[in-house]
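Participant: Structure provided below as structure tokens; questions to follow.
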Amino acid sequence: MSSKTLDLFLNENLEDLKGKGLYNEIDPLESPNGPMIKINGKELINLSSNNYLGLATDETLKQAAKTAIDKYGVGAGAVRTINGTLDIHIKLEETLAKFKHTEAAIAYQSGFNCNMAAISAVMDKNDAILSDELNHASIIDGCRLSKAKIIRVNHSDMEDLRAKAKDATESGIYNKVMVITDGVFSMDGDIAKLPEIVEIAEEFDLITYVDDAHGSGVLGDGAGTVKHFGLSDKIDFQIGTLSKAIGVVGGYVAGKQELIDWLKVRSRPFLFSTSLTPADVVASTRAIEMLMESTELNQKLWENADYLKDGLKKLGFDIGASETPITPCIIGDEVKTQEFSRKLYEEGVYAKSIVFPTVQRGTGRVRNMPSAAHTKEMLDRAIEIYGKVGKELKII
Ligand SMILES: Cc1ncc(COP(=O)(O)O)c(C=O)c1O
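All residue numbers for the sequence shown refer to UniProt numbering, where the first residue is 1 and numbers rise by one.
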């Protein structure tokens, strides 16, 4: 018999969410997560995945994963420190370090796990973290886990960052102060002002931490936001995910050898959670090698992104401050945003609405994620549907 208190809690809260229209019904896909997807038998142009380069369904990577399973099996069998470190884990980390132009790298089971692991391995209750207000949920949770004082910084506001860095370092209260930011902000597609952040960090001796989940494979010819700005030797922690542009699953931290050595002995998801599966490791390694060998997919991604952005802008949509393939169409009103997304679905485009509390109230948007795998025909059709639905709902 389950707890009555739990039942009451669940019923009340689920009903509350459903009553407010905030309960998220999840759509199961009946197809791979490619540029076209199938839901309830309906074929849709997919503008919702993070599969930037189309690698989630790449034939070479599928083959690499199958070969890894044949050689190593389906699981790594243990946490890394016991005997879950296979030679392919080492190769993945060496490849990641090369990709990120750092001395070393460490792989985790997800990007979310990286932030749980890395922040609290270095920061504690005697420290402070300057955190951009639009940082990803996993950064926020990683900061909370560390018990350091979290100092919220206005989004990409360098004056605010400088003032708060000065206060924090001159207060004498904290042993260490870190500045932490997304490389590319996932809801607006704008890029962190890393050159200014580095300048402030150097002035106040801040530890620098960039989570580049949406920048890797996208900016810097694929190497990421830090490389895009030529700052590879100036950022202490470079975090990435293997689940977006890389197309698989997992995450990593790249940085100095001593930092990686420390994370291997002190970061808890590394020490207490089973390591990445052989198939994931080998497919990710091959994907990164492919990105280092050729920029073709990266170029195709940007070509498609520019094409879609241009088409949506010409129709009169507000795409906000986007500087990357992440293309929001900002509608504002939450109800209208959800209606817009529903109508797009009916017409054949899968682009999810994103509303409060994920973004600020009154800034509801439909977020588009073009990829290298979309064809011009798919993008043309999507733009046509956006025009039709936008006019019907008097958004444009
Ligand atoms: C900035 C950032 N960090 C971390 C993550 C989590 O990555 P993963 O899906 O690999 O756990 C995301 C995913 O949305 C992200 O945008």
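Idealized CB from N, CA, C, for every residue including glycine.
All values derive from a computational prediction rather than experimental measurement.
Taking the beta carbon of Tyr52 as the centre, do at least 16 other beta carbons fall within 10 Å, making it buried, or is it exposed?
Facilitator: For this step, residue 52 is matched to residue 52 along the sequence shown. Answer is buried; the Cβ neighbour count reaches 16.
Participant: Which residue from Ser273, Gln338, Leu344 puts its Cα closest to that of Gly77?
Facilitator: As a working mapping, residue 77 is identified with position 77 in the sequence shown. For Gly77, the nearest C-alpha among the options comes from Ser273.
Participant: Whose C-beta lies closer than 8 Å to the C-beta of Ser186 among residues of the same chain, with five residues either side of it excluded?
Facilitator: Residue mapping note: residue 186 aligns to position 186 of the sequence shown, counting from 1. Excluding sequence neighbours, Ser186 sits near His136, Ala213, His214, Ile326.
Participant: Work out the CA separation of Asp205 and Asn33 for me, nearest whole Å.
Facilitator: Here residue 33 refers to the residue found at position 33 when the sequence shown is read from its first residue. Here residue 205 refers to the residue found at position 205 when the sequence shown is read from its first residue. Going by the C-alpha atoms only, they are around 43 Å apart.
Participant: The alpha helix (DSSP H) with Val389 in it runs from where to where?
Facilitator: For the purposes of this step, residue 389 is taken as residue 389 along the sequence shown, with counting starting at 1. Note, Val389: alpha helix (DSSP H), 376-392.
Participant: Report yes if the C-beta distance between Tyr72 and Pro278 is below 7 Å; otherwise report no.
Facilitator: Here residue 72 corresponds to residue number 72 of the sequence shown, with the count starting at 1. Here residue 278 corresponds to residue number 278 of the sequence shown, with the count starting at 1. Going by C-beta atoms, Tyr72 is nearer than 7 Å to Pro278.
Participant: May I have the straight-line CA-CA distance separating Leu134 from Asp70, to the nearest angstrom?
Facilitator: Here the question's residue 134 lines up with position 134 in the sequence shown. Here the question's residue 70 lines up with position 70 in the sequence shown. Leu134 and Asp70: Cα-Cα distance of roughly 43 Å.
Participant: What residue does the alpha helix (DSSP H) around Pro328 start on, and which one ends it?
Facilitator: Here the question's residue 328 lines up with position 328 in the sequence shown. Element bounds for Pro328: not the alpha helix (DSSP H) but the beta strand (DSSP E), 327-332.
Participant: Start and end of the beta strand (DSSP E) containing Val177?
Facilitator: Working through the sequence shown from its first residue, we reach residue 177 at position 177. Run containing Val177: 177-182, per the beta strand (DSSP E) assignment.
Participant: Rank Lys100, Thr102, Glu103, Tyr108 by C-alpha distance to the C-alpha of Thr85 and give the top, closest one.
Facilitator: Taking the sequence shown and counting its residues from 1, the one referred to as residue 85 is at position 85. Relative to Thr85, the option among Lys100, Thr102, Glu103, Tyr108 whose CA is nearest is Tyr108.
Participant: Assign Pro370 to one of two classes, buried (16 or more other C-beta atoms within 10 Å of its C-beta) or exposed (fewer than that).
Facilitator: Walking along the sequence shown from the start, residue 370 turns up at place 370. Buried.
Participant: Taking just the CA atoms, how far does Ser31 sit from Ile383?
Facilitator: The residue given as residue 383 occupies position 383 in the sequence shown. The residue given as residue 31 occupies position 31 in the sequence shown. Near 23 Å, if we compare the C-alpha coordinates of Ser31 and Ile383.
Participant: With a threshold of 7 Å between beta-carbons, can Asn115 be considered close to chain B, or not?
Facilitator: The structure shown contains no chain B; it is built from a single protein chain.
Participant: Does the stretch 164-174 come into contact with the stretch 137-156, if we say contact requires no fewer than three beta-carbon pairs (one atom in each stretch) closer than 8 Å?
Facilitator: yes
Participant: Is the closest heavy atom of ligand 1 to the C-beta of Phe317 under 6 Å?
Facilitator: What you label residue 317 is simply residue 317 of the sequence shown in a count that begins at 1. Phe317: no, Cβ never under 6 Å from ligand 1.
Participant: Could you give the DSSP three-state label for Arg361: helix, strand or coil?
Facilitator: Taking the first residue of the sequence shown as position 1, residue 361 is located at position 361. If DSSP states are grouped into helix, strand and coil, Arg361 belongs with coil.
Participant: Taking DSSP's pairing of strands, which residues face Ile150 in a bridge?
Facilitator: As a first step, residue 150 must be located in the sequence shown, where it is residue number 150. The partner list for Ile150 (beta bridge, DSSP) reads Ile129.
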